[in-house]
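Chains as they are written, first to last, in UniProt numbering: chain A, 1 to 484; chain B, 1 to 724.
No residue lacks a Cβ here, since even glycine has one placed at the ideal position from N, Cα and C.
Working notes, structure below.
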Amino acid sequence: MEKEIIEHGFSFNRRRFLSTMSLGIGSVALGSLLMPDLLKGGGLEEEGLAPGIPHFAPKAKRVIYLFQNGAPSQQELFDYKPKLREMFGQEIPPSVRGTQRLTGMTANQASFPLVGSFVDFKQYGQSQAWVSNLMPYTSKIVDDLCFVRSMYTEAINHDPALTFLQTGSQQGNRPSMGSWLSYGLGNENKNLPNFTVLLSRGVGNGQGVYSKLWSNGFLDSVHQGVQFSKGEDPVLYLRDPEGMDRKERRDMLDKLSELNELSYQEFGDPEITAKIKQYEMAYRMQTAVPEVMDLSKESDDIIKLYGPECLVPGTYAANCLLARKLSENGVRFVQLYHQGWDQHGNLPYEITKQAMDVDQASAALVTDLKQRGLLDETLVIWGGEFGRTSYTQGKLTPENYGRDHHPRCFTIWMAGGGIKPGIVYGETDELGYNIAKDPVHVHDFQATILHQLGLNHEKLIFKHLGRRYRLTDVSGKVIRDIIS
Amino acid sequence: MHLKLRVFAEQLLVASNIFILFLLLFESKLVIPVWLQTIGRMHPLILHFPIVILLLAMLLEFFRFKPEYAGNAFYRNFLQGLLLIGALFAAVTVIMGLFLSREEGYEGATLTYHKWTGVGIFFFASIIYWVRNARWYKSLAARAGALLSVVALVLTGHYGAALTHGSNFIWEPISSKKEVAEVTLDQAVVYTNVIKPILEQKCTSCHNPDKLKGELILTDPQSITKGGKSGKLLVPGNPQMSLLLQRVHLPMEEKKHMPPSGKAQLTLQEISLLTLWVKQKADFQKKLTALPASDSLRMLATAFLQPHSQEEEYDFPAVDEDKVKALNTDYRTILPLARESPALAVNIYNAAAYNVSQLDELGDIRKQVISLNLNKMPVKDADLKSIAKFENLRKLDLNFTDVSAAGLKELSGLKHLQNLTLSGTKLGLNDLKGLLPQLKSVKTVAVWDTKLSAADVQQLQQANKGINIIGGFKDDGKNPLKLNPPQMTNASPIFAHTLVVDIQHPIKGVDVRFTMDGSEPDSVKSPLMDHKTVINSNTTIRAKAYKNGWYGSDMITFDYYKSAYQPDSGTLLAPLNRVHQAEGVKTFFDHKLGVIGANNPAWANNWAGVRDNDMAFVSEFKKPITLSSLGVRYMVEEDTGIFPPELVEIWGGTTRENMKLLTKFKAPMPVKGERASLRSVAGAFAPQQVSYIKIVAKPLSKIPAWHRNKDKRALLLVDEMFLN
């Protein structure tokens, strides 16, 4: 009897519990109808969407980023400021300078005299964009370019600013833009790395480039940037060792993959099949890379277009030509760095040389992509990590001066890839010191690049150490006005 | 309720009945002073009270005659009080509403319904209050009256809401979806399809026949032309003078700014559209296509009508993901255009592996392929039959393929093809002249590096205005470029006995001319580099490059160094600078030369450097050698404090312990402002057999007085030494 009472109590409680809870759960269900995202996670993987496919139809399929490492002076190249010449030697008004922090190199300077460009500017093309005489070739293609004169960044020194532009964070250890794109878009050509890096150096004062700039960060290492160097071995460790021919290599790989296959069957570790694939890709790269790197078949027209230096490995011109070849072969992101733009002093001499290094080849790359019908689907970007000050660093003479780092405004240009051609976006004030109209933050710039490649910068996410990461961190908006 | 209070309230109710009756009778003559307008505007605030109180009262009234309630004194008293208060609130609300309705902009059928149902409720509630204790008033009458009141309350509330929010406020989200009638651009009428939708979105919620703010109606052309209280709305052709745009451009704070602050504002695009429309005489009939193609209004309107045109919609179904995956191979990539898009893009790589079967295998996904990249593949005319089966192709890349005009005719069946690239093919002007008119949908064709000259491209463009013909760079010889200097291709400029000088130029067909006597090479007289010139001692070669159609290069100087012996091992006797370690003691004899710019650690590679102590090391030769000179190569960059050695000593002997000084020598010092350079200095002595040598190079101990670092120690950088 006692037992029955207890059992009755149990069943009664269970019944009551269930009926009460059903209403409770029902109300939660009702509430959740109004909150569609409540029980869903973010991120590509959590949504069950495999990365490697654009979120929406892309305008651009590939990017070539001509990074001008060291920060070219906008006042001498693209941002025409006649007022600076008029005010030569006058102190920069405190109202303009504001409370901006300065670098250790000029912070202790007793005065900040303004200095205008030593070189003249003219307007070109239908867009009537101002370009200085240092860029004769670029001035011929302004109608293919979109100048953004109102870029600004947060960092004031080279390394953090570079890292910020490339990875969206000043500290490093995050994936580079090329890695994000490789992750988000996948391979077009399975025989070449998806993200390649080419380095060159001009005569100007240089700043280092470090491999952390093309790091994959927390993404899979297949997304890491691969540096192509200028020597006989553009990709390190790719060549067969001496005494081994192609057939031997093939046989070795076949045997190796048999062995790997065996251990896969035993352990079922997917890393083993991944390894087999990587060996095979390396094998294919052994033929694909030399083919791409071979410049001997380029026509005379191409050599004249890019300039004679384009056949000298390791020069900017050669890297531009290679960039075209890599891009043409489906490499998603080709990152160039050209060092030597850090003109703290001796600016007129150094920037003239630097401009000569890059002007013809940069313009040639745009023209070359266009004449192959590739410019529409290839986004070309030219620019440095920040701008330079309107006041001089060090001694000011009419012939010689320098400019310090200036994160508050700088000029870049973009071409192709669905960016409006022949426009100038944004303005700086008449002293070229602050942005007067349409500021573009680095994250806005990054968001716009991702957008052109069919990626929503807010959805290109990777979860790492319990946090969701984006290239644009927690901000950034697409600059719609420069998108055609 | 206290009896006194109730009597007073009842009297008030009678009074308000009469007052309202009076107001209604003489409504047309009513003039509302400004301060009363405020009272009127509190109508939307107060109206919730009578609704709730009367609803509750009517509920209680409905059940009033139920036996269990009928005897309850509290129920009776509470209900009577509630009804009285409800009726009074209704009176206040009605009065306020009548005041409000006198303000401008309240007219039309909805207002009439709202007014009379509202007034009706008040009178009806009052009547119920007065007759509810009559003898004939029983359960049936109470229930009927209560029901009627509730229905009236709901109706009035609904009409009132419609007045404030617009008539379709409640159902709008699920009903109409604002079907912006999809029109093709050819049929679009500027007013009907562009201007009217803008007005409907931003203006007509106030300016409609029911609300008539400012006596202005913006729902039909007649009313728009007529204008409102402030006069004509439009001055066709003159947007600056048109009231419509004046009001839009007033500052936000201004009371007359339209749309009023708090409401959705016009976008810049919408304002431009309105402005341009007025500027073009505010025509209500004009079709979009009647405007010239480059007209701003037409371009903006086109963009307005096709906001999503950039995301192309495809009418074919998606194929199975696994099928696509299975068709991907090492040299054939098939990628979806985007998530949730059925479209696919196909790229083929590796010319050696290309075969038309790579295309034929794609039978199952043929419909879905919208872009096909065959650049640099040996595509033959016959293959174009296979390509033409990809019926939905938008983009086809055939750069540097073997196709000809005959084969390309197959492409005329591709109804969607927009972009075609044919650069680097063998096509001629006549080929393209025949071909292009057949490709009806094509918008761009790339024809660079074909047989076409720049003039041909222009001619082709003239003949095919609808297609963008992309030519490209072809050197016309009018702007010759300067050649870059030749390059040394010897593995190292350091040799042991003899060397065949190898200086080349990367561009084919370039002549390299050189001298060995220090003079400048001449384009005619100087010898051509023939790869047979042999040198056996330190030599300086100057060279220049020449080619037809180019300017000659700058002169370049190459220094070749003879170094007959290489030590077998060595030991540093004093440390090298932290950033100028290079390869340690091996640096001096590794046949690798450095370049200028070593003050930056990143490029210090081949430079061994010292500042605070001497550069000193011992080297050993397993077999004795006969030595007669030592050369030292160093960098000079006075600006950064890199100076030549102050003194170099070489010691030698057959054992390590027993070495004697063979010679010591100095290097010339730079002068102020000298450019950075790489130099070498040598010291000779009587031939001597040695197994061990010790070399001591002292950095400059006191920088000269003219230098900003005067009296400090200078940096000494050495990349190589030569033993002969």
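Below-8 angstroms beta-carbon distance, residue i vs any chain B residue
i                      : result
residue 497 of chain A : The displayed coordinates of chain A run from 1 to 484. Any statement about residue 497 of chain A would go beyond what the structure contains.
residue 372 of chain A : yes
residue 329 of chain A : yes
residue 321 of chain A : no
residue 305 of chain A : yes
residue 48 of chain A  : Caution is warranted here: a pLDDT of 39 is assigned to residue 48 of chain A, below 50, making its placement in the model unreliable, and the coordinate value is therefore given only provisionally. Not closer than 8 angstroms to any Cβ of chain B, the Cβ of residue 48 of chain A fails to qualify, so no.
residue 309 of chain A : yes
Cross-chain neighbours of residue i in chain B, by beta carbon under 8 angstroms
i                      : result
residue 187 of chain A : 333
residue 367 of chain A : 472, 473
residue 312 of chain A : 484, 487, 506
Minimum Cβ-Cβ distance from residue i to chain A less than 8 angstroms
i                      : result
residue 473 of chain B : yes
residue 427 of chain B : no
residue 349 of chain B : yes
residue 606 of chain B : no
residue 312 of chain B : yes
residue 476 of chain B : no
residue 397 of chain B : yes
Residue i versus residue j: straight-line alpha-carbon distance, rounded
i                      : j                      : result
residue 285 of chain B : residue 246 of chain B : 24 angstroms
residue 491 of chain B : residue 313 of chain A : 15 angstroms
residue 147 of chain B : residue 94 of chain B  : 21 angstroms
residue 18 of chain B  : residue 113 of chain B : 21 angstroms
residue 385 of chain B : residue 407 of chain B : 8 angstroms
residue 270 of chain B : residue 143 of chain B : 55 angstroms
residue 231 of chain A : residue 436 of chain A : 46 angstroms
residue 475 of chain A : residue 79 of chain A  : 27 angstroms
residue 49 of chain A  : residue 354 of chain B : With a pLDDT of only 48 at residue 49 of chain A, under 50, the local geometry of the prediction cannot be trusted, and the value read off the model is given with reservation. Those two C-alpha atoms are separated by around 33 angstroms.
residue 82 of chain A  : residue 444 of chain A : 29 angstroms
residue 261 of chain B : residue 244 of chain B : 16 angstroms
Host alpha helix (DSSP H) of residue i (start-end)
i                      : result
residue 520 of chain B : It is not in any alpha helix (DSSP H) - residue 520 of chain B carries neither H nor E in the DSSP assignment.
residue 255 of chain A : 246 to 267
residue 202 of chain B : 196 to 202
residue 152 of chain B : 139 to 165
residue 282 of chain A : 270 to 293
residue 223 of chain B : 221 to 226
Residue i, DSSP secondary structure in three states
i                      : result
residue 13 of chain A  : helix
residue 62 of chain A  : strand
residue 699 of chain B : coil
residue 4 of chain B   : helix
residue 41 of chain A  : Here residue 41 of chain A scores only 46 on pLDDT, less than 50, and its place in the model should not be relied on; the value that follows carries that caveat. If DSSP states are grouped into helix, strand and coil, residue 41 of chain A belongs with coil.
residue 570 of chain B : strand
residue 410 of chain A : strand
Per-residue contacts from residue i into chain B (C-beta, under 7 angstroms)
i                      : result
residue 55 of chain A  : 338, 339
residue 454 of chain A : 338
Chain A residues whose Cβ lies nearer than 9 angstroms to that of residue i
i                      : result
residue 330 of chain B : 190, 191, 280, 281, 284
residue 612 of chain B : In chain order: nothing, as chain A lies at least about 26 angstroms away.
Where the beta strand (DSSP E) through residue i begins and ends
i                      : result
residue 719 of chain B : 716 to 723
residue 146 of chain A : 145 to 152
residue 608 of chain B : 608 to 610
residue 387 of chain A : 387 to 392
residue 649 of chain B : 647 to 653
residue 397 of chain B : 395 to 397
Cross-chain neighbours of residue i in chain E, by beta carbon under 8 angstroms
i                      : result
residue 624 of chain B : Of the protein chains in this structure, namely A and B, none is chain E.
Neighbouring residues, chain A, relative to residue i (Cβ below 7 angstroms)
i                      : result
residue 699 of chain B : Ordered by position in chain A, no residue passes the 7 angstroms Cβ test against residue 699 of chain B, which lies about 25 angstroms from the chain.
residue 421 of chain B : 372, 373
Contact list for residue i against chain B, beta-carbon separation under 9 angstroms
i                     : result
residue 93 of chain A : Neighbours of residue 93 of chain A on chain B: none; closest Cβ ~30 angstroms, over 9 angstroms.
residue 58 of chain A : 337, 338
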